[in-house]
Amino acid sequence: MLEKITITSPFWRERQQIIAKEMIPYQWDIINDLKQVDIAITNTGGDSTALDTEKSYVVENFKVAAKKKQGEANPGKRGGMVFQDSDAYKWLEAAAYTLECQDDPELRQKADQLIDIIGAAQEDDGYLNTYFQVIEPERKYQSLYMSHELYCAGHLIEAAVAYTMATGTKKFLEIACKLADNIDANFGPEEGKIHGADGHEEIELALLRLYELTKEERYLKLAEYLLLIRGQDPDFFTAQQRRDVELGRKSLIPGLEIIHPDFKAPYFQSDKPVEEQMDAKGHAVRVVYLCSALALGAVLTSNERLKRAADNYWRNIVQKRMYVTGAIGSTPHGEAFTGDYDLPNDSIYGETCASVGLIFFAHNMLRERQDGAMGDVMEQALYNTVLAGMNLDGKGFFYVNPLEANPYLSKVNPGLRHVLTRRPGWFACACCPPNLARMVMSLGHYVYQSKQDTILSDLFVDSCAKFNLDGQHITLKQSTNYPWEGTIAYEVQEAGESGFKFAVRVPQWCEHFSLKLNQHELGAGAYELKHGYLYLKEHLHQGDILELTLELKPMLVEADPRISADYGKQAVSRGPIVYCVEEVDNGANLQCLHLGADLEGHYEDKLLGGVYVLESHGQRRIRPEQGQEIASPLYRKVQPAQFEEQLIKLIPYFAWCNRSEGEMRVWLNPKL
Ligand code: FUB
Ligand code: ZN
Numbered sequence: 047m048l049e050k051i052t053i054t055s056p057f058w059r060e061r062q063q064i065i066a067k068e069m070i071p072y073q074w075d076i077i078n079d080l081k082q083v084d085i086a087i088t089n090t091g092g093d094s095t096a097l098d099t100e101k102s103y104v105v106e107n108f109k110v111a112a113k114k115k116q117g118e119a120n121p122g123k124r125g126g127m128v129f130q131d132s133d134a135y136k137w138l139e140a141a142a143y144t145l146e147c148q149d150d151p152e153l154r155q156k157a158d159q160l161i162d163i164i165g166a167a168q169e170d171d172g173y174l175n176t177y178f179q180v181i182e183p184e185r186k187y188q189s190l191y192m193s194h195e196l197y198c199a200g201h202l203i204e205a206a207v208a209y210t211m212a213t214g215t216k217k218f219l220e221i222a223c224k225l226a227d228n229i230d231a232n233f234g235p236e237e238g239k240i241h242g243a244d245g246h247e248e249i250e251l252a253l254l255r256l257y258e259l260t261k262e263e264r265y266l267k268l269a270e271y272l273l274l275i276r277g278q279d280p281d282f283f284t285a286q287q288r289r290d291v292e293l294g295r296k297s298l299i300p301g302l303e304i305i306h307p308d309f310k311a312p313y314f315q316s317d318k319p320v321e322e323q324m325d326a327k328g329h330a331v332r333v334v335y336l337c338s339a340l341a342l343g344a345v346l347t348s349n350e351r352l353k354r355a356a357d358n359y360w361r362n363i364v365q366k367r368m369y370v371t372g373a374i375g376s377t378p379h380g381e382a383f384t385g386d387y388d389l390p391n392d393s394i395y396g397e398t399c400a401s402v403g404l405i406f407f408a409h410n411m412l413r414e415r416q417d418g419a420m421g422d423v424m425e426q427a428l429y430n431t432v433l434a435g436m437n438l439d440g441k442g443f444f445y446v447n448p449l450e451a452n453p454y455l456s457k458v459n460p461g462l463r464h465v466l467t468r469r470p471g472w473f474a475c476a477c478c479p480p481n482l483a484r485m486v487m488s489l490g491h492y493v494y495q496s497k498q499d500t501i502l503s504d505l506f507v508d509s510c511a512k513f514n515l516d517g518q519h520i521t522l523k524q525s526t527n528y529p530w531e532g533t534i535a536y537e538v539q540e541a542g543e544s545g546f547k548f549a550v551r552v553p554q555w556c557e558h559f560s561l562k563l564n565q566h567e568l569g570a571g572a573y574e575l576k577h578g579y580l581y582l583k584e585h586l587h588q589g590d591i592l593e594l595t596l597e598l599k600p601m602l603v604e605a606d607p608r609i610s611a612d613y614g615k616q617a618v619s620r621g622p623i624v625y626c627v628e629e630v631d632n633g634a635n636l637q638c639l640h641l642g643a644d645l646e647g648h649y650e651d652k653l654l655g656g657v658y659v660l661e662s663h664g665q666r667r668i669r670p671e672q673g674q675e676i677a678s679p680l681y682r683k684v685q686p687a688q689f690e691e692q693l694i695k696l697i698p699y700f701a702w703c704n705r706s707e708g709e710m711r712v713w714l715n716p717k718l
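Residue numbers 47 to 718, in the working numbering, belong to the letters of the sequence shown in order.
1. Going by C-alpha distance, which of H379, A474 and I203 is nearest Y173?
2. Please return the same chain residues whose Cβ sits closer than 7 Å to the Cβ of P529, not counting the five positions on each side in sequence.
3. In the DSSP assignment, find the alpha helix (DSSP H) that holds P600 and state where it starts and stops.
4. Compare the C-alpha of K531 against each of R711, L404, D508 and V538 and name the closest.
5. R289: buried (16+ other C-beta within 10 angstroms of its C-beta) or exposed?
6. Quick check: is any heavy atom of ligand 2 less than 8 Å from the C-beta of N481?
7. Should S706 go down as buried or exposed, given a rule of 16 or more other Cβ atoms within 10 Å for buried?
8. By how many angstroms is the C-alpha of K318 removed from the C-alpha of H241?
9. Look at the Cβ atom of Q130, then the Cβ atom of T99, and state whether they are nearer than 9 Å.
10. Indicate whether L639 and E661 have their beta-carbon atoms separated by less than 9 Å.
11. What residue range does the alpha helix (DSSP H) around C399 cover?
12. So, helix, strand or coil for V104, using DSSP?
13. Is it buried or exposed for K114, if we count other Cβ within 10 angstroms and need 16 for buried?
14. By Cβ distance, which residues of its chain are closer than 7 Å to G647, with the 5 residues on each side in sequence left out?
15. Taking the C-alpha atoms as reference points, what is the distance between G736 and E584?
16. Which of the three DSSP states is assigned to T54 in this structure?
17. Hey, would you say A427 sits closer than 9 Å to L404, going by beta carbons?
18. Would you report the Cα separation of L160 and E68, rounded to the nearest angstrom?
19. Fully enclosed by the segment 131–178, which alpha helix (DSSP H) runs are 4 residues long or longer?
20. Our contact map puts K512 next to K224 with C-beta atoms below 8 Å; I'd like the distance itself, whole angstroms only.
21. In chain order, which beta strand (DSSP E) runs of at least 3 residues are fully inside the segment 548–589?
22. Name the two residues that bound the continuous beta strand (DSSP E) containing K497.
23. Would you give the residue range spanned by the alpha helix (DSSP H) that G234 belongs to?
24. Smallest Cα separation from V370: which of Y387, N358, A167 and T377?
25. Going by beta carbon distance, what residues of the same chain come within less than 8 Å of A634, once the five residues before and after it are set aside?
26. Helix, strand or coil: which one does DSSP assign to F689?
27. Kindly list the residues whose CB is nearer than 6 Å to the CB of G122, restricted to its own chain and excluding five residues on each side of it in sequence; keep chain order.
28. On a CA-only basis, which of F700, D79, L48 and A382 is nearest K327? Give me that one, please.
29. Let me know if N120 comes out buried or exposed under the rule of 16 or more other beta-carbons within 10 Å of its beta-carbon.
30. Considering only residues of the same chain and omitting the five flanking positions on each side of K296, which have a CB-CB separation below 7 Å?
31. Smallest Cα separation from L342: which of T398, D631, G301 and Q416?
32. Beta carbon of V331: closer than 8 Å to some heavy atom of ligand 1?
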């Protein structure tokens, strides 16, 4: 298994440095209300205008809960969303991965301080959720459809696992185990326990991670239970909703009715048992968090039902409901999936968290079956939607990630209001920023996997990794300038006598590759290509240098013709990077551009922190009246179209919206 990895890639190191040095301190100030930022109201289905836009309350809520626990009469105000606690946990998880990359005493001290505050709020029986402790204690575990109690618990557990692995300290883990034990005492098949799960999946994956760390079988069993109970009683959540209405309880999401057409069983992936769910329905983040747990559960339990469910979901999402940028979730209504091939580029939701979750899903599927296509999806979501979720300076974030944007239309069309064309500094519902931070800081965990006596290279990231493969110590240095260049060299700096088997993912976009071992070209007889991986037939030994060159060239991409939004259009990619055009480079009315016959590229180190740009000698459709005083008719009999030459400049999609505000588009008109 992987013991340690140090990322040295200029591309990723720079991003990790920005997150470590800018984003994490910035987020710390926000969750502690040390900094005044404009908190953007986002479309989370409710009315977040009812929330405070000046304070986040994240850390304060734990202090208030601790005071309440100690019996203080006026402990203070608990604010923010019902799941506000999760922002603290995701921040801690990101901090943990940062500490894993490099020690930082100041960060560690902040994290320890926050863990103590969280611990002080935890009740003696292990229960922990500031909303229900402070505001509605009588409602604990009774409104699971929207309470997010186990969702928050899951984020705490994931953070504690990461923190324990990074620092070797146990105090956070003790809080997490106490909370997991509380859940175990309240949920399960036994009489008197709750026979259901949380409306927002997350706890399942967290318990599996906790099991992997602690080897406590109860956590594995509980995760399996929570996965398989889903949908056994399709009325589970709706019955709780009805009861809450009868009891006159308030909605847990401000401005959103408890019984709402968008929030029925399919929204919570609970209309059928998981293995009977054939497509991705409802809230996209919920779906992919569920899927991540199904896939990891399949790895850890070999339960066929989990495997089948993960498979069904995988097929449906990847083959029918995913954008070319690895975004998912086609509508803001319920932040949800809609139907097959319904992938509008402008009114899309494409929440950053959903693509983070898709990466978890792909990674766990990859662990389950070593199919390179899953690594391709992991890269697709990572290099495009996830990175687009942040400003290059690390202090602005997208929640919604469109493939086509126009600031004017976002202002005037209520159906596009959720599509922002500037990244806000923070959100009233701030799930995405810390999610992105934990994802990028944990990148090292996604680069390799080991399976029995084989090391598999899943991502191309300049790094140095140390493995322990059944007692054999291996040090592998990966040198590459990916994603801008396609050569990847693996140098075995340390290995045992016997050496080890090695496989490397060959992405589907790569039509030609070449392979050298110690500078000698390897022919097809030296390897086997299986499920998107190239398996070397001979073992690698200390001193070996394996060099893989993936042909990296601009590629025109077309969509399945059933995706009406992309019909007749082309997208441009180069390796894992999807490109887009922006108004600042190409003028307004990007819909009038046609790509040319060529696509040439070069690296611009002064642009957007250093990006490989593409250019095409294309055309722009012009109006016959253009430049004249006369108005053009809105409609007319078809006339021969007129064009002017235009050099079209394309930049990586992840870097859009870092210059002046303007139009952006991924899918373009093809060459005339
Ligand atoms: O509900 C908790 C989080 O807030 C979800 O995962 C996001 O989609 C946002 O609604
Ligand atoms: Zn989010």
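Here a beta-carbon is modelled for each residue, glycine too, at the ideal position from N, C-alpha and C.
Remember, predicted model here, so these are calculated numbers, not experimental data.
Taking the geometry as given:
1. I203
2. F57, Y429, G621, P622 and I623
3. Counting along the chain, P600 falls outside any alpha helix (DSSP H), though it belongs to the beta strand (DSSP E) covering P600 to V603.
4. Correcting the residue identity first, residue 531 is Glu in this sequence and not Lys. For the residues R711, L404, D508 and V538, the minimum Cα distance to E531 belongs to D508.
5. exposed
6. yes
7. exposed
8. 15 Å
9. no
10. no
11. T398 to R415
12. helix
13. buried
14. P600, R620, Y658, V659 and L660
15. Given that the chain is displayed from residue 47 to residue 718, the structure contains no residue 736 and the question cannot be resolved.
16. coil
17. yes
18. 19 Å
19. 131–147 and 151–167
20. 33 Å between Cβ atoms; not a contact.
21. 559–563, 573–576 and 579–582
22. Y494 to K497
23. Run containing G234: none; DSSP gives neither H nor E here.
24. Y387
25. G708 and E709
26. strand
27. V110
28. A382
29. exposed
30. none
31. Q416
32. yes
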